[in-house]
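Asker: My structure is below; once you've seen it, I'll send some questions.
Number of protein chains: 2
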Amino acid sequence: MQKGTYTYDYPRPMVATDCVIFGFDGTKMQVLLVKRGEEPYKDSWVLPGGFLRMEESAEESARMMLREKTGLRETYIEQFHTFSAPERDVRGRVISIAYYALVRKQEVRQGANVSEVGWFPLDGLPELVFDHKDILDMALAKLRERIMFQPVGFDLLPEKFTMRALQSLYEAILGVEFDRRNFSKKILHVGLLTDLNESARSTPKRMAKLYKFNAESYGRLKEKGFRLEF
Amino acid sequence: MQKGTYTYDYPRPMVATDCVIFGFDGTKMQVLLVKRGEEPYKDSWVLPGGFLRMEESAEESARMMLREKTGLRETYIEQFHTFSAPERDVRGRVISIAYYALVRKQEVRQGANVSEVGWFPLDGLPELVFDHKDILDMALAKLRERIMFQPVGFDLLPEKFTMRALQSLYEAILGVEFDRRNFSKKILHVGLLTDLNESARSTPKRMAKLYKFNAESYGRLKEKGFRLEF
DNA sequence: TAATTTTGTGTAAACTTCACACAAAAAATG
DNA sequence: CATTTTTTGTGTGAAGTTTACACAAAATTA
């Protein structure tokens, strides 16, 4: 996309994509933010995003951006809303197609010539400019909606993990607490996990069993839905 | 929005909204389509839609359009996806922010100076141009996803209706059949309906009880979710 | 060796789902 | 007018799920 002169009979808005990148550190959900390198709002934290190029779809744009910021390909991303209030951006009329992404924090390596980025826990976010707080809030609401009825975790946890880690993830996203015994029973009952018959110390106390997701049943439950309610 | 000359440093796509308007005739789900009045694809059926004006949000645009086509205000609409493939529209780069609406067919009166519109059952759709078949399919998929976990019907059924009508609506959307006795028991058990202690003949046989939605519990179940599974 | 923390597993009561059946209301048939 | 047909309202028991709660074993710390 080159700077030049483009003339139209009717006014047109700018179109951008923004991405809420979620990661999990074992305890809390975190979000990746970038520091703006230019005006307006230079040095403020914002969601990573950028303008849509004429030859790419919104999803391609979001994936490209994700790769720049995290080095990851093949990430799970989901378009969740398009923000279009006329006054949402001080630079003029900008429509933003918003995605959320779920990534394994431990696989993220900061891209090369990339502006300053940082992970922030949901309860320790810096002030966000534009309407990015609204975007983040809606992303979290949609993720919560999803986790209530579909399995989530495949994209956020390492390949092998303990039951405790999965429970912590659910608790972090939903902001509730489950009974350890009932959680484990339900998850095992629906067949979401495969027992690896290995152990690892997740805490400095008794070692815990390791599990991985059962891809077949993960997919089936994602199709059919399963309700987690305690 | 006036025709004139608008010049920008970078190219910009056009932005439109399209709306999948669902209605229910007591047996089948139907969709409102309009016949194009101009080229390209003159006289083909398409989803109602239009270009976004610079001073309105996408939702305002969709509501405006809905009012033109159906005469309805205060309709339930939901943004469900933005379509952005570069080649989706032969007129150039057009991004479409898509909504679905749920309306009571019997309250729809065709707007005045409005192009030809028609209701079509899902299994008897005409050929749709652009990518409107994809848009319609995704709308239906999202509606199905929603009905699995949240009550639907408030916006599609008349104020008073029989249990059979509600069951038919669920069956029409999901394309499955429920056991009449278990369906009724579950719906009454979750407290979704208020018994009006009136009867009406919905078929030429025994008269059936009339119900209305209990707004309080409808809202609560929409918040909290309830799973319909048989 | 004892104390502490965390893990694995079990049980019973309450509730929900599911499969199925019978009687009553209204209209149609002869 | 009695019989048949279709549709509605309601009920019951077995199977399965959720919920609340308890105890013993593994690993580390003191």
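So the protein sequences, as listed, match chains A and B. Using the working numbering, the first residue of the first sequence is number 51, and each one after it goes up by one. Using the working numbering, the first residue of the second sequence is number 51, and each one after it goes up by one. The beta-carbon is built from N, C-alpha and C at its ideal position, and this holds for glycine as well. Remember, it's a predicted structure, so these values are computed and weren't measured experimentally.
1. My assumption, with CB atoms under 8 Å, is that B:Lys210 sits in contact with B:Leu260. Please give the rounded CB distance.
2. A:Leu116 to A:Ser146, Cα distance in whole Å?
3. Closer than 7 Å, Cβ to any Cβ of chain B: which residues of the region 108 to 139 of chain A, in chain order?
4. Using 8 Å for Cβ pairs, my map puts A:Phe101 next to A:Asp139. What's the rounded Cβ distance?
5. For A:Gly275, which residues of its own chain have a beta-carbon under 8 Å away from its beta-carbon, when the five flanking residues on both sides are left out?
6. In or out: A:Val202 buried (at least 16 other Cβ within 10 Å) or exposed?
7. Just the C-alpha distance for B:Arg251 and B:Glu157, rounded to the nearest angstrom, thanks.
8. Just verifying my parser: in three-state terms, what is the DSSP assignment at A:Ser146?
9. Just to confirm, are B:Met79 and B:Phe72 a CB contact at a threshold of 9 Å?
10. If contact means a Cβ-Cβ distance below 8 Å, which residues of the region 97 to 108 of chain A contact chain B?
11. With 9 Å set as the bound, which would you pick, yes or no: does the beta-carbon of A:Pro201 sit closer than that to a beta-carbon of chain B?
12. Classify B:Gly73 as helix, strand or coil using the three-state DSSP reduction.
13. Measuring straight from C-alpha to C-alpha, what distance separates A:Leu206 and B:Glu88?
14. If contact is defined by three or more beta carbon pairs under 8 Å, each pair taking one atom from either stretch, is the region 168 to 184 of chain B in contact with the region 84 to 98 of chain B?
15. Is it a yes or a no for the region 212 to 223 of chain B touching the region 105 to 115 of chain B, going by three-plus beta-carbon pairs under 8 Å?
16. Helix, strand or coil: how does DSSP classify A:Glu195 here?
17. Taking the beta carbon of A:Pro98 as the centre, do at least 16 other beta carbons fall within 10 Å, making it buried, or is it exposed?
18. Should the region 120 to 135 of chain A be called in touch with the region 181 to 195 of chain A, which here means at least 3 C-beta pairs below 8 Å?
19. Which residues of chain A have a Cβ atom closer than 9 Å to the Cβ of B:Gly269, listed in chain order?
20. With 9 Å as the threshold, decide whether the Cβ of B:Pro143 is near any Cβ in chain A.
21. Out of B:Leu243, B:Thr57, B:Val81, B:Leu175, point me to the one whose CA is closest to B:Asp68's CA.
22. In three-state DSSP terms, what is B:Ala108?
23. Less than 9 Å between CB atoms is the rule here; does A:Asp185 satisfy it with respect to chain B?
24. Please confirm whether B:Ile53 has its beta-carbon closer than 9 Å to some beta-carbon of chain A.
25. Shortest alpha-carbon distance to A:Gly269 belongs to which of A:Leu278, A:Phe233, A:Gly241?
26. Do B:Gly168 and B:Leu83 count as a contact pair if the criterion is CB distance below 9 Å?
Answerer: With the structure as the only source:
1. On the second sequence, position 160 is the one that residue 210 of chain B refers to. On the second sequence, position 210 is the one that residue 260 of chain B refers to. Indeed they touch by this definition, with Cβ atoms about 5 Å apart.
2. Here residue 116 of chain A corresponds to residue number 66 of the first sequence, with the count starting at 1. Here residue 146 of chain A corresponds to residue number 96 of the first sequence, with the count starting at 1. Between the alpha carbons of A:Leu116 and A:Ser146 lies a distance of about 16 Å.
3. Under the 7 Å Cβ criterion, the region 108 to 139 of chain A contributes Ala108, Gln129, His131, Thr132, Ser134, Ala135, Pro136.
4. Along the first sequence, read from residue 1 onward, the residue named residue 101 of chain A stands at position 51. Along the first sequence, read from residue 1 onward, the residue named residue 139 of chain A stands at position 89. No, A:Phe101 and A:Asp139 are not in contact; Cβ-Cβ is about 11 Å, not under 8 Å.
5. Start at 1 with the first residue of the first sequence, and residue 275 of chain A comes out as number 225. Phe199, Gln200, listed in sequence order.
6. As a first step, residue 202 of chain A is located in the first sequence; it is residue number 152 there, counting from the start. A:Val202 is buried by the Cβ-count criterion.
7. On the second sequence, position 201 is the one that residue 251 of chain B refers to. On the second sequence, position 107 is the one that residue 157 of chain B refers to. For B:Arg251 and B:Glu157, the distance between alpha carbons rounds to 21 Å.
8. Locating residue 146 of chain A in the first sequence gives position 96, where the first residue counts as 1. When secondary structure is reduced to three states using DSSP, A:Ser146 falls in the strand class.
9. Walking along the second sequence from the start, residue 79 of chain B turns up at place 29. Walking along the second sequence from the start, residue 72 of chain B turns up at place 22. It is a contact, given that the beta carbons lie within the stated cut-off.
10. Near chain B, meaning a CB-to-CB distance below 8 Å, the residues of the region 97 to 108 of chain A are Phe101, Leu102, Met104, Glu105, Glu106, Ser107, Ala108.
11. Position 151 of the first sequence, counted from the start, is the residue given in the question as residue 201 of chain A. False, the Cβ-Cβ gap to chain B never drops below 9 Å.
12. Mapped onto the second sequence, residue 73 of chain B falls at position 23. Here DSSP, grouped into helix, strand and coil, assigns B:Gly73 to strand.
13. The sequence position of residue 206 of chain A within the first sequence is 156, counting from 1. The sequence position of residue 88 of chain B within the second sequence is 38, counting from 1. Their Cα atoms are separated by approximately 49 Å.
14. The region 84 to 98 of chain B makes contact with the region 168 to 184 of chain B: 3 or more CB pairs, one atom from each, lie closer than 8 Å.
15. By the Cβ criterion, the region 212 to 223 of chain B is not in contact with the region 105 to 115 of chain B, since fewer than three pairs of Cβ atoms, one from each stretch, lie closer than 8 Å.
16. Translated into the one-based positions of the first sequence, residue 195 of chain A becomes position 145. A:Glu195: helix per DSSP, three-state reduction.
17. Position 48 of the first sequence, counted from the first residue, corresponds to residue 98 of chain A. A:Pro98 should be labelled buried.
18. Three or more pairs of CB atoms, one per stretch, sit closer than 8 Å, so the region 120 to 135 of chain A contacts the region 181 to 195 of chain A.
19. Here residue 269 of chain B refers to the residue found at position 219 of the second sequence. Listed along chain A, no residue sits closer than 9 Å to B:Gly269 by beta-carbon distance, the nearest being about 16 Å off.
20. Working through the second sequence from its first residue, we reach residue 143 of chain B at position 93. Here residue 143 of chain B is Arg; the residue named in the question, Pro, does not match the sequence. Yes, B:Arg143 lies at the interface with chain A (some Cβ there is under 9 Å from its Cβ).
21. In the second sequence, the residue the question calls residue 68 of chain B occupies position 18. That would be B:Val81, whose Cα lies nearest to the Cα of B:Asp68.
22. Translated into the one-based positions of the second sequence, residue 108 of chain B becomes position 58. Assigned with DSSP and collapsed to three states, B:Ala108 falls in helix.
23. Sequence index remark: in the first sequence, residue 185 of chain A carries index 135 (1-based). Correcting the residue type first, residue 185 of chain A is Ile in the shown sequence and not Asp. False, the Cβ-Cβ gap to chain B never drops below 9 Å.
24. Taking the second sequence and counting its residues from 1, the one referred to as residue 53 of chain B is at position 3. For the record, residue 53 of chain B in the displayed sequence is Lys; it is not Ile. True, the Cβ-Cβ gap to chain A drops below 9 Å.
25. Here residue 269 of chain A refers to the residue found at position 219 of the first sequence. It is A:Gly241.
26. What you label residue 83 of chain B is simply residue 33 of the second sequence in a count that begins at 1. What you label residue 168 of chain B is simply residue 118 of the second sequence in a count that begins at 1. Cβ atoms of B:Leu83 and B:Gly168: closer than 9 Å.
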